[in-house]
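Peer 1: Residue numbers (the numbering used here), protein chains in the order written: chain A, 31 to 303; chain B, 7 to 255; chain C, 15 to 378; chain D, 235 to 676. Note that the Cβ used here is the ideal one computed from N, Cα and C, for glycine as well. These numbers were taken from a predicted model, which means no experiment stands behind them. Before anything else, here's the structure in question.
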Amino acid sequence: MNTKSPYQIKIGKILSVKQMTSMEKMFEIALPGEDLSHAPGQFVEVSLLGIGEAPLSVSSSPTKQGSFELVVRKVGKLTGALHKLKAGDEVGIRGPFGQGFPVRILEGNDLLFVAGGLGIVPLRSLINFVIGNRKNFGKVDILLGCRNPKEMLFHEELAGWKERLDVNFNCTVDKADPDWKGNVGLITSLIPGVTLDSERTFAVVVGPPIMYKFVIMKLLDKNIPERQILISLERHMKCGLGKCGHCQIGNTYCCQDGPVFTYEKVKAIGGAI
Amino acid sequence: MNKPKVSFFDFACCEGCQLQIANMGELLLDVLGAIDVVEFREVMSEKWVGEFDVVFVEGSITTPQAIEHIKRLRARTKTLVAYGSCAAIGGVNGMKNNYKLEDIRKSVYGKDANFFPTVETKAIHQVVKVDYVIPGCPVYLPEVVAVLKAFLAGLPRPVPDNAVCVECKLNENICLYERGVACLGPITRAGCNSWCINHGNICYGCRGLVSNPNTKGAKDILEKYSLSVDLIANKMNMYNKCGENDNRE
Amino acid sequence: MQYNLLNKNQLNDLISFLAREQKVVAPVAQGLNNYAFTEIKNGIQATLNYIPTTLPPKKYFMPQRETLATYDTTQGQNMDPVVEHEKVALFGVHTCDLAGIQCLNMVFSEKPKDQNYLARKNAITIIGYECNAYCDRFASCRLVHNHTPNGGYDLFMTNLGDKFILHVNTPAGEKIIERSHLFSLAAKADLAALERLRQKKREIFEKNEIPIEHEKIPELFDKSYQSKVWADLDKRCVACGNCTNVCPSCYCFDVIDEPNLDLTTGRRYRQWDSCQNETFAKVAGGENFRKERGARQRHRYYRKFRFPIEKFSRFFCTGCGRCSRACMAKIDLKETLVSLIKEQGMENPNAGRQSTIAEKPATF
Amino acid sequence: MSKRNVMVNVEYLTRVEGHGNIVVNVKEGKLETCQLQIVEAPRFFEGMLQGRSIFEAQHITSRICGICACGHTLASIQAAEDAIGFIPSEQTIKLRKLLLHLENLDSHILHIYLLVAPDLLGVKSFVPLINSHNTVVRRALRMKKTCNDVCDVLVGRHVHPISSIVGGFTKLPTEKALDDMLHLLNGLKPDMDATVGLAATLKFPAFARDTEYVALVSDNNEYPMLMGDVGSTDGIRKNKKEYKVLTNEFVVPHSSAKHCKLSRDSFAVGALARFNLNADKLHPKAKAAAQAIGLKPKCINPYLNTAAQLIECIHSLEDSIAIIETLKQTGINHDEAIVVGLNENKMIPVKAGSGVGAVEVPRGILYHNYEVDDKGIIAKANCIIPTGQNINNMEHDMKKLVPEILNKTDEEITLALEMLIRAYDPCLSCSAHFLDVKFVNR
Ligand SMILES: Cc1cc2nc3c(=O)[nH]c(=O)nc-3n(C[C@H](O)[C@H](O)[C@H](O)COP(=O)(O)OP(=O)(O)OC[C@H]3O[C@@H](n4cnc5c(N)ncnc54)[C@H](O)[C@@H]3O)c2cc1C
Ligand code: SF4
Ligand code: SF4
Ligand code: SF4
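Now the structure itself:
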């Protein structure tokens, strides 16, 4: 049989590893001889033979050539093992999988990014893409929330976004520490303060499961149409091929049909959020 | 590479789980190629005074001395494995907790009862922190090997949290409920390849209950089959009596 | 359409003929009215008068455990994909199970194609066998129009009493007919006998087993998401996973790595998983998207009766009744559907009676 | 001989199943203390059995000891069936005899190779043997695994067998299973021959003390393991129901340990006892092997218990094969399979009564006694394990041995005593209630 198994992995070389917080590390990975060619919002299945596979969002923008970045929180088997790797080590890569953010549709519109916790990881891919192609998009607002300042990722990049005049950036923490000078409170508290033109605004929301319900409520309060609210659903996934059933919600397989969906679509599927 | 220093200790138990090691056959030599067994009272006279990388503990804690001993072992080892049902969930020794300690002591030892200090039976994790759990009465060798490999690779290895029925069906057994017999498969953790049912017996729950068991549902099932509810209570505390002291999430 | 005849006493010869070229599996009695597809060497071992086997024939299409790759990491992340398959003749498959196989075929041929599944499928010859009456009270094949053959086989046998009449559906089936020299062409009278038998079946399977029209089922489920029925199932289900493991159209799996003791070589395999299992929908961070057993049961029913309608234009419930037979909590699929129907006031006691759709699958 | 002081205190006797301590105190050449103490955590099995159904007893008592789990299972079943007056079928009895043989074989091989051989080859445990005697270790593991695999086929597993219950078996071997077992057992023969060869080269310590040997006896030509009366080399013969008289537990003044005696100070059970009483009923191959290594009844060197075990291995192997072959001829009647369930699905009638099981397990006679009510619920349970019966004999051996070897070094004395205890293959984990523990001030 010479048809290719969909389970075949490509070898990825780790170019660098950076400790981001106590829980997260960033890995820069290259597929020798090729680009990943992903769209923002897509993910890859990262594999270590003998340990397993895990879906991880690509965090770097497609505009970055030659390598891509993953940000990994250590929670279990595979993620724990990844954290032990160093530059020069190999990982297996399958993908990219899924439907990323609909960049073509977003073009020409205003964008409101809402990221909670690790949600910034996949969003960063889109944000950097937008910044890299800034003239193609309207007004850009970025809202970021996390539990405490120590968990905040991409400090330098965030500072860069903050500096920019063509991007409005705001962030908050659930619980401050003595050094924190910024907002304190849930991410939902930042939304009312954003001025937006609901007709031409697309809201892109990524964060932990419990966040969606509350953020979406606030966005609907702002009259953003349901089909202009984009969210990413991260479910348990095994195959990435729309078969194993773990990520199925309603009729959709998050891995193939998602992870990015409009709220309009998600609302119609029972049990999605 | 330095081979990890491994030892075996036993508390109140039948030592059958240690014996399972000898049943590995020549595979044991491969295992011994990967680890360095430095103390194993049942088959070795050697003793080790230093630190251990991993200690396998068989048996439950039933005496005040054992409590002290297990604490000392915990302090001497990097990794601790609760090995077998007695260690993992209290196992059959837990049945003792069905009785008042004084009563059971007297019933067995009569006037000499005072020679036998005993405390409520406890699983190892109810006394000290445990890193790996291998339940089973006795342990299922493929699982022992799987945990050993996880340990060697530095990986976590939780006990499966689905029901024995899953494996039972994969093995295409006739369900015992069809025979009108109560089986603990639906609420017991898989991982033994439905060992007992494959051989015509029921599951006695020796691997411990799943994390979120529908015990009420299980009792209703008995009623549907006109089986007495005492029956399942009786079976459930055969191995899982100690578990009553865990606060389940 | 070509029909052939096989003498009753030549069944054994057919099995022997098949067994010369491949493994032959057929339903074998296990006692207590339980049956299992098992390898046989001669016809005596098989039984044709059986109720659906404990496990459906899916175990030959996607085995309980199936290696996907072997690996050796001594030189980095090197893996060799493995596609295991063997030649098998599946003998005596009922129409409900043929439908189950068709469901799986659709899922695994959808892009990205599952090469492991397809390689197995291509090595399997299927000989169907018609039920002339209900197997037991759990079956609901009429409701989902699987009580008569709708393709999905190489040969299909019907018992005419003193002989079998076989429908030849594929070139592979044709080959068996030609090469075994056991068959004769069916005469007009035989076809008439078959027609009489089918007519009789139409009487037996006159109405749907439950009072709802086939076409109304999606609507029933559209209305039932918040039904109290799920709360009832929540109390009763013990999440043993039997219902999904025995289901011919359940195909969820887990992917697991199993290293050898050297820790550098090993295999990656998949194993049946179940949406009823506690960990199935749990994600990092502890969130479990279907924490309640009732929600998992609802998911199961929707995956049989609602979700696949849009994607595959068919029900994934084959009507075999296995989930009801296998459930020790006696959660019965027919009863569940009836409760939903009653709750929505959608009862139609004559459902199915006028319909002539028995021969062709409905479209949505 | 110089008047010397010896203080031997072996804490945690290794390479025996379960925990025991040896305490020997010699002052000025005079033996003051000589004790074997059991420090096993008491497990209260007999207490836990109270209120349980006799149909569960086997499952629970099997957990008394993982090493002779099949033996406990069979003794428990016998006691239960005796209590309710159930008579097992011929087929069941054959299969139980087979199971007992497998247990005997398995346990003896473990003992001979992993526990005793290191002593005789002068190393601390079998681990160094992996390098020095690799083929021996491989053979040992292979043999052990084969025994285990045969048990897997017959009853699901050796440690805590699954399908052997009151009434019979929940799963009966298929034709293929019988063939598989035969194949495995026949494959064991070359290794068994090699084991006899090895034994012939080993030197057992010379020591003798005449004692009473107790084992099952019968009037037929079968080497009795599962059934029979209880007999002794001092001419006793009694029904198993009289087990209390036969074991005669008593308290001795110098220690708080309960001891057993029959016609004299102490008696011994186990392989050597069986050999001494029933050698003429052994399989011809076993007899030939006994001759080859020079073992004759009545042998009174306790160290040679290991040799007797070896002879029994051959007997058990050959007889197992014979049993399976007859089963193959008659065919297995699968209708006899028992459907398990607390009431065993009401297939087995229950009545009140008291029953005794007396079964030869690897270490000697194991007695279980249950008193049950008319619902089959256990009111009182009593288990007397072989090691409990042997303890007194071990102490008497030690008392005779120590003065004979006082000229040796402390290490040598310690080793000689450890080896003596190990020769009995004591199974102390079965700490049902057979001994009281004496906590000496150290
Ligand atoms: C589309 C998508 C994108 C993701 N992107 C990122 C990312 O960029 N960075 C990041 O750190 N994490 C991300 N995750 C989560 C990540 O996949 C899980 O943390 C990871 O699979 C856990 O694997 P493990 O072997 O370390 O954990 P395990 O040891 O297997 O289990 C630990 C916990 O993780 C859960 N879990 C196991 N497998 C999965 C799975 N496949 N999906 C979700 N949860 C699982 C388990 O239920 C358990 O609660 C993403 C998940 C999805 C679905
Ligand atoms: S026999 Fe027991 S383990 Fe097997 S399916 Fe039935 S209840 Fe579950
Ligand atoms: S089937 Fe049940 S009792 Fe038997 S080994 Fe498995 S968990 Fe233990
Ligand atoms: S078989 Fe019954 S009890 Fe088991 S998961 Fe399915 S519905 Fe629940």
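1) Do the CB positions of Phe-51 (chain C) and Tyr-74 (chain C) come within less than 9 Å of each other?
2) Suppose you measure from the CA of Ala-592 (chain D) to the CA of Arg-498 (chain D); what does that come to, to the nearest Å?
3) Quick check: is the beta carbon of Leu-46 (chain C) nearer than 9 Å to any beta carbon in chain G?
4) DSSP state of Gln-44 (chain C), grouped into three classes?
5) Pairing CB atoms from the stretch 579–589 of chain D with CB atoms from the stretch 550–560 of chain D, are three or more of them under 8 Å?
6) What are the start and end residues of the alpha helix (DSSP H) that includes Asn-259 (chain C)?
7) In whole angstroms, what separates the C-alpha of Leu-86 (chain B) from that of Ile-76 (chain B)?
8) Could you tell me the distance, in whole angstroms, from the CA atom of Lys-344 (chain C) to the CA atom of Arg-312 (chain C)?
9) Looking at C-alpha atoms only, which residue of D:Ile-399, D:His-345, D:Thr-326 and D:Ala-317 is the closest neighbour of Arg-597 (chain D)?
10) For Val-139 (chain B), which residues from the same chain have a beta carbon less than 6 Å from its beta carbon, with the 5 sequence-adjacent residues on both sides left out?
11) Would you report the Cα separation of Thr-292 (chain A) and Ile-259 (chain A), rounded to the nearest angstrom?
12) Could you work out which residues of chain A lie near Glu-159 (chain B), taking near to mean beta carbons separated by less than 9 Å?
13) Would you say Met-31 (chain A) reaches chain C, if we count a Cβ-Cβ gap shorter than 9 Å as a contact?
14) Between Gly-191 (chain B) and ligand 3, is there a pair consisting of the residue's CB and a ligand heavy atom that are separated by less than 8 Å?
15) Check whether the Cβ atoms of Leu-516 (chain D) and Ala-524 (chain D) lie closer than 9 Å to each other.
16) Could you check whether the Cβ of Val-387 (chain D) sits closer than 8 Å to any heavy atom belonging to ligand 3?
17) Can you list the residues of chain B that Gly-255 (chain C) reaches, using a CB-CB cut of under 8 Å?
18) Check whether the Cβ of His-335 (chain D) sits closer than 8 Å to any heavy atom of ligand 1, and report yes or no.
19) For Arg-195 (chain B), would you say it is in contact with chain D, using Cβ-to-Cβ distances shorter than 9 Å as the test?
20) Helix, strand or coil: how does DSSP classify Gln-36 (chain C) here?
21) I'd like the list of long-range same chain contacts for Thr-307 (chain D), defined as Cβ closer than 7 Å, with 5 residues on each side in sequence excluded.
22) So which residues on chain D does Tyr-105 (chain B) lean against when the C-beta distance must stay under 7 Å?
23) Flag Leu-69 (chain C) as yes when its Cβ comes closer than 8 Å to any non-hydrogen atom of ligand 2, and as no otherwise.
24) DSSP state of Asp-167 (chain B), grouped into three classes?
25) Check each residue's C-beta against every heavy atom of ligand 1 and list, in chain order, those closer than 5 Å.
26) Consider the C-beta atom of Tyr-146 (chain B) and the heavy atoms of ligand 3; say whether any pair is separated by less than 8 Å.
27) Lys-107 (chain A) touches chain B at which residues, Cβ-Cβ below 7 Å?
28) What residues in the stretch 356–377 of chain D bring their beta carbon closer than 8 Å to a beta carbon of chain B?
29) Give me the Cα-Cα distance between Lys-356 (chain C) and Asp-236 (chain C), rounded to the nearest whole angstrom.
30) At 4 residues or longer, and completely inside the stretch 106–158 of chain C: list those alpha helix (DSSP H) runs for me, N to C.
31) Cβ of Met-342 (chain C) within 8 Å of any heavy atom in ligand 2?
32) Flag Cys-274 (chain A) as yes when its Cβ comes closer than 8 Å to any non-hydrogen atom of ligand 2, and as no otherwise.
33) Quick check on Lys-273 (chain A): buried or exposed, where buried means 16 or more other Cβ atoms within 10 Å of its Cβ?
34) Count the C-beta pairs between the stretch 183–198 of chain A and the stretch 267–285 of chain A that are closer than 8 Å, then say yes if the count reaches three, no if not.
35) Nearer than 8 Å: is that true of the beta carbon of Ile-203 (chain B) relative to any heavy atom of ligand 2?
36) In angstroms, rounded to a whole number, what distance separates the CA positions of Glu-173 (chain B) and Ser-200 (chain B)?
Peer 2: If we stick to the structure as given:
1) Taking the third sequence and counting its residues from 1, the one referred to as residue 51 (chain C) is at position 37. Taking the third sequence and counting its residues from 1, the one referred to as residue 74 (chain C) is at position 60. Between Phe-51 (chain C) and Tyr-74 (chain C), the CB-CB gap stays under 9 Å.
2) Here residue 592 (chain D) refers to the residue found at position 358 when the fourth sequence is read from its first residue. Here residue 498 (chain D) refers to the residue found at position 264 when the fourth sequence is read from its first residue. If you draw a straight line from the Cα of Ala-592 (chain D) to the Cα of Arg-498 (chain D), it comes to about 22 Å.
3) No chain G is part of this structure, whose protein chains are labelled A, B, C and D.
4) Here residue 44 (chain C) is taken as the residue at index 30 of the third sequence, counted from 1. Note: Gln-44 (chain C) maps to strand in three-state DSSP.
5) The stretch 579–589 of chain D is not in contact with the stretch 550–560 of chain D.
6) Stepping through the third sequence from its first residue, residue 259 (chain C) is reached at position 245. Going by DSSP, Asn-259 (chain C) is part of the alpha helix (DSSP H) stretching over 256–259.
7) Stepping through the second sequence from its first residue, residue 86 (chain B) is reached at position 80. Stepping through the second sequence from its first residue, residue 76 (chain B) is reached at position 70. Answer to the nearest angstrom: the Cα atoms are 10 Å apart.
8) On the third sequence, residue 344 (chain C) is found 330 positions in, with the first residue counted as 1. On the third sequence, residue 312 (chain C) is found 298 positions in, with the first residue counted as 1. Spanning the alpha carbons of Lys-344 (chain C) and Arg-312 (chain C) requires a straight line of approximately 16 Å.
9) Here residue 597 (chain D) corresponds to residue number 363 of the fourth sequence, with the count starting at 1. Comparing Cα-Cα distances from Arg-597 (chain D) to each of D:Ile-399, D:His-345, D:Thr-326 and D:Ala-317, the minimum goes to D:His-345.
10) Numbered from 1 along the second sequence, position 133 holds the residue referred to as residue 139 (chain B). Excluding sequence neighbours, Val-139 (chain B) sits near Ala-88, Ala-94 and Val-165.
11) In the first sequence, counting from the first residue as 1, residue 292 (chain A) sits at position 262. In the first sequence, counting from the first residue as 1, residue 259 (chain A) sits at position 229. Their backbone Cα atoms lie some 5 Å apart in a straight line.
12) Taking the second sequence and counting its residues from 1, the one referred to as residue 159 (chain B) is at position 153. The displayed chain sequence assigns Ala, not Glu, to residue 159 (chain B). Chain A residues near Ala-159 (chain B): Gly-80, Ile-81 and Ala-111.
13) Here residue 31 (chain A) refers to the residue found at position 1 when the first sequence is read from its first residue. Residue placement at Met-31 (chain A) is flagged as unreliable, the pLDDT there being 42, under the threshold of 50; the coordinate-derived value follows with that caveat. Yes, because at least one Cβ of chain C sits closer than 9 Å to the Cβ of Met-31 (chain A).
14) By one-based count along the second sequence, residue 191 (chain B) stands at place 185. Taking non-hydrogen atoms of ligand 3 into account, the C-beta of Gly-191 (chain B) is found less than 8 Å away from one of them.
15) Walking along the fourth sequence from the start, residue 516 (chain D) turns up at place 282. Walking along the fourth sequence from the start, residue 524 (chain D) turns up at place 290. Yes, the pair counts as a contact, with Cβ atoms nearer than the cut-off.
16) Walking along the fourth sequence from the start, residue 387 (chain D) turns up at place 153. The answer is no for Val-387 (chain D).
17) Translated into the one-based positions of the third sequence, residue 255 (chain C) becomes position 241. Within chain B, the residues placing a beta-carbon under 8 Å from that of Gly-255 (chain C) are Asn-168, Ala-169, Cys-171, Val-172 and Lys-175, ordered along the chain.
18) One-based indexing of the fourth sequence puts residue 335 (chain D) at position 101. In terms of side-chain proximity, the C-beta atom of His-335 (chain D) is found no nearer than 8 Å to any non-hydrogen atom of ligand 1.
19) In the second sequence, residue 195 (chain B) corresponds to position 189, counting from 1. Not an interface residue.
20) The residue labelled residue 36 (chain C) in the question sits at position 22 within the third sequence. If DSSP states are grouped into helix, strand and coil, Gln-36 (chain C) belongs with coil.
21) Against the fourth sequence, residue 307 (chain D) aligns to sequence position 73. Apart from the 5 residues on each side of it in sequence, Thr-307 (chain D) sits with its Cβ closer than 7 Å to the Cβ of Gln-292, Ser-296, Pro-395 and Ser-398 in its chain, given in chain order.
22) As a working note, residue 105 (chain B) is residue 99 in the second sequence. What Tyr-105 (chain B) touches in chain D: Gly-281.
23) To locate residue 69 (chain C), count along the third sequence from 1; it is residue 55. No, Cβ of Leu-69 (chain C) sits at least 8 Å from all heavy atoms of ligand 2.
24) By one-based count along the second sequence, residue 167 (chain B) stands at place 161. Correct three-state label for Asp-167 (chain B): coil.
25) Answer in sequence order: A:Phe-73, A:Ala-84, A:Pro-85, A:Leu-86, A:Ser-87, A:Val-102, A:Arg-103, A:Val-105, A:Gly-106, A:Lys-107, A:Leu-108, A:Thr-109, A:Val-151, A:Glu-264, A:His-266, A:Met-267, A:Pro-289, C:Lys-296, C:Val-297 and C:Ala-298.
26) Position 140 of the second sequence, counted from the start, is the residue given in the question as residue 146 (chain B). Yes, Cβ of Tyr-146 (chain B) sits closer than 8 Å to a heavy atom of ligand 3.
27) In the first sequence, the residue the question calls residue 107 (chain A) occupies position 77. The answer, in chain order, is Leu-161 and Pro-162.
28) Residues Lys-358, Ser-359, Phe-360, Val-361, Ile-364, Val-371, Arg-372, Leu-375 and Arg-376.
29) The count along the third sequence starts at 1 and reaches residue 356 (chain C) at position 342. The count along the third sequence starts at 1 and reaches residue 236 (chain C) at position 222. Cα-Cα distance, rounded: 15 Å.
30) Counting whole runs of 4 or more residues, the stretch 106–158 of chain C contains the alpha helix (DSSP H) stretches 109–123 and 129–136.
31) Position 328 of the third sequence, counted from the start, is the residue given in the question as residue 342 (chain C). Distances taken from the Cβ of Met-342 (chain C) to the heavy atoms of ligand 2 include one shorter than 8 Å.
32) As a working note, residue 274 (chain A) is residue 244 in the first sequence. No heavy atom of ligand 2 is found nearer than 8 Å to the CB of Cys-274 (chain A).
33) Indexing the first sequence from 1 puts residue 273 (chain A) at position 243. Buried, since its Cβ has 16 or more Cβ neighbours within 10 Å.
34) Taking 8 Å as the limit for Cβ pairs, the verdict is that the stretch 267–285 of chain A does not touch the stretch 183–198 of chain A.
35) For the purposes of this step, residue 203 (chain B) is identified with residue 197 of the second sequence, where counting begins at 1. Flag set: Cβ of Ile-203 (chain B) near ligand 2.
36) Start at 1 with the first residue of the second sequence, and residue 173 (chain B) comes out as number 167. Start at 1 with the first residue of the second sequence, and residue 200 (chain B) comes out as number 194. So the two alpha carbons sit approximately 6 Å from each other.
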